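This note's numbering numbers the first residue of the sequence shown as 870 and each following residue consecutively.
Quick reminder that beta carbons are idealized off the backbone N, C-alpha and C, glycines included.
Remember, it's a predicted structure, so these values are computed and weren't measured experimentally.
For reference, the structure is listed below as structure tokens.
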Amino acid sequence: MKNKFYLMFDYLLILVVLILVSIGVMFIYSSSINSEGISVTNEYIKQIIWGSIGFVIMILMTLYDYRKLQSKAIYLYLFLIVLLIYTRLFGRYVNGAKSWIGIGEFGIQPSEFGKVFFILFLAAVLDNTQNIHPLRRFIYAIGVLLIPMGLILLQPDLGTSSVYVPIFLVMCFIAGIPLMYLLYVLSFGILTIFFAILPVWNNEIADKSFAIISILTTMKLRLILISAIFIITLLGYVIRRYLHGPKYIFWITYVASIITLALIFSFLLGKFLKDYQIKRLIIFMNPNKDPLGAGWNIIQSKVAIGAGGLMGQGYLQGTQSHYRFLPQQSTDFIFSILSEEFGFIGCCLIYFLYFIILLKILYIIRKCVNKFGTYICAGIFGMFTFHFFINVGMVMGMMPITGIPLQFLSYGGSSLLTAMTCIGLVMNVNCRKYDLK
């Protein structure tokens, strides 16, 4: 029994997580130090408390047989939907999004915890629909995605809602959903965002404007374009379905339908998001266009990273954070502080630790014989990968500023508890191959 209990835990994974959380606490403390060397916030103390609670949850999540969650996943998903509706109606605004609920200083972000519930329910759906037609199976999965994602977009929290997409795509890919369906969703999403941001980019970011983009800003021209491409889609469908046209007609219809839907939904997204919100997302393309406004965060972050050099300026010796040049430095831009104080060597350490986590999850996915467990690990892999690359790319000025935290390192109880719960789930799936009860 003692040996079995020992086998339930992946001690390398636990060690890596504890190192990352400890480094996070160190730099959250560093971010609290002002130019006079005085700590002005107690965020690092709160993070230690959240980390301790997260460690307990991680252990408990490992011990509870994840297979029992399959039948309960629907109730967790419905609870998530209720929470998101409640948050939309009665939540409080933080950074422009009505995404938090709580009393006083204590608050949680349901959309963060919701990632776990979403992963569990989508895994259950994919497992329970293995024997039905792939298109029907994919439609069911899309339905699972759209409800929570739509509610999070209404907050509006574009950053958190975007995390649900890679989770969905990775899980569906591992589940054997045809690549053609996944590429359809991915292409639709990319084109929708592209068409939505293009007018703002043309007016605010580009060095010179392009008259052709007026097609997207003039309602009459947009309607003509949508109608024309929709007719192409309709004709292609009729020719392929009823007249048995050549295969290339199918691909013309496939592409035309994506463009049609993207043009329609990009208009809705453009109405939903204000121009200044879109500008904040795309200013990374040319931050010097608004160096004291939307581009300030990226410019200061890049200065901090550049100042770190190879070895860094030393712990608690960074100037960008201590002189408060970096906004949201304990959350979104924690990696900038680490880069300034620990340099390129410190960054490589973080890359290595994350690489271990992702590699361990891939190994577990490969070895797991239970499909439900495989899909859970796939969703967690998609979440961790997206968070890491988007946040690091964001602070380097290569990605939009979306408010996506760097898990384990960024300040925030919701993010940390979610990440540690997911590590518990991964260890849970891993140890069940030994049939431990």
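Given a cut-off of 8 Å, decide if residue j and residue i are closer than it, judged by their beta-carbon atoms.
{"i": "Ser1135", "j": "Val1264", "result": "no"}
{"i": "Phe1042", "j": "Val1013", "result": "no"}
{"i": "Gly1177", "j": "Leu1038", "result": "no"}
{"i": "Gly1183", "j": "Glu1210", "result": "yes"}
{"i": "Met927", "j": "Thr1287", "result": "no"}
{"i": "Phe1057", "j": "Ile1127", "result": "yes"}
{"i": "Ile1249", "j": "Ile1230", "result": "yes"}
{"i": "Ile1292", "j": "Ala992", "result": "no"}
{"i": "Leu1067", "j": "Leu1048", "result": "no"}
{"i": "Leu1179", "j": "Phe1204", "result": "no"}
{"i": "Ile1270", "j": "Phe1141", "result": "no"}
{"i": "Leu1285", "j": "Ile888", "result": "no"}
{"i": "Leu945", "j": "Pro1017", "result": "no"}
{"i": "Glu1073", "j": "Lys1143", "result": "no"}
{"i": "Tyr935", "j": "Gly1242", "result": "yes"}
Pull up the CB-CB distance for residue i and residue j, whole angstroms please, since I reckon it's below 8 Å.
{"i": "Leu938", "j": "Met877", "result": "Between Met877 and Leu938 the Cβ distance is about 16 Å, and since that is not below 8 Å, they are no contact."}
{"i": "Tyr1310", "j": "Ile988", "result": "This structure cannot speak to residue 1310, because the chain is shown only from 870 to 1306."}
{"i": "Gln1024", "j": "Ser1283", "result": "At roughly 14 Å, the Cβ-Cβ gap does not stay under 8 Å, so Gln1024 and Ser1283 are not in contact."}
{"i": "Ser1199", "j": "Ser904", "result": "With 8 Å as the limit, Ser1199 and Ser904 do not qualify as a contact, their Cβ atoms being about 16 Å apart."}
{"i": "Val890", "j": "Gly920", "result": "5 Å"}
{"i": "Pro1003", "j": "Ile1046", "result": "6 Å"}
{"i": "Gly1162", "j": "Ala1173", "result": "At roughly 19 Å, the Cβ-Cβ gap does not stay under 8 Å, so Gly1162 and Ala1173 are not in contact."}
{"i": "Lys1236", "j": "Gln999", "result": "That pair is no contact at about 19 Å."}
{"i": "Phe1277", "j": "Gly893", "result": "6 Å"}
{"i": "Ser980", "j": "Leu953", "result": "7 Å"}
{"i": "Pro1160", "j": "Gly1266", "result": "That pair is no contact at about 13 Å."}
Please list the terminal residues of the continuous beta strand (DSSP E) segment that includes residue i.
{"i": "Tyr962", "result": "961-963"}
Measure from the C-beta of residue i to each C-beta in chain B and report whether the shortest distance is under 8 Å.
{"i": "Asn903", "result": "Reference to chain B is not applicable here, since this structure consists of a single protein chain."}
Just curious, the alpha helix (DSSP H) that residue i is in, first and last residue?
{"i": "Ile1081", "result": "Looking at the DSSP string, Ile1081 is not in any alpha helix (DSSP H), and its letter there is neither H nor E."}
{"i": "Cys1216", "result": "1203-1236"}
{"i": "Ile1059", "result": "1048-1069"}
{"i": "Arg1193", "result": "Arg1193 -> no alpha helix (DSSP H), and no H or E assigned at all."}
{"i": "Phe1258", "result": "1240-1264"}
{"i": "Pro1115", "result": "Run containing Pro1115: none; DSSP gives neither H nor E here."}
{"i": "Gln1182", "result": "Unbroken run through Gln1182: none, as it is neither H nor E."}
Look up residue i in the DSSP assignment and give the residues it is bridged to.
{"i": "Lys1140", "result": "None; Lys1140 has no bridge partner."}
{"i": "Ile977", "result": "Ile970"}
{"i": "Ser908", "result": "Ile902"}
Open item on the list: For the structure I just gave you, are there three or more beta carbon pairs, one from the stretch 1083-1100 and one from the stretch 1157-1177, closer than 8 Å?
Closed with: no
- [ ] Take every Cβ of the stretch 1137-1146, pair it with every Cβ of the stretch 1055-1072, and state whether three or more of those distances are shorter than 8 Å.
- [x] yes
Open item on the list: Pairs of beta-carbons, one from the stretch 1256-1276 and one from the stretch 906-918, closer than 8 Å: are there three or more?
Closed with: no
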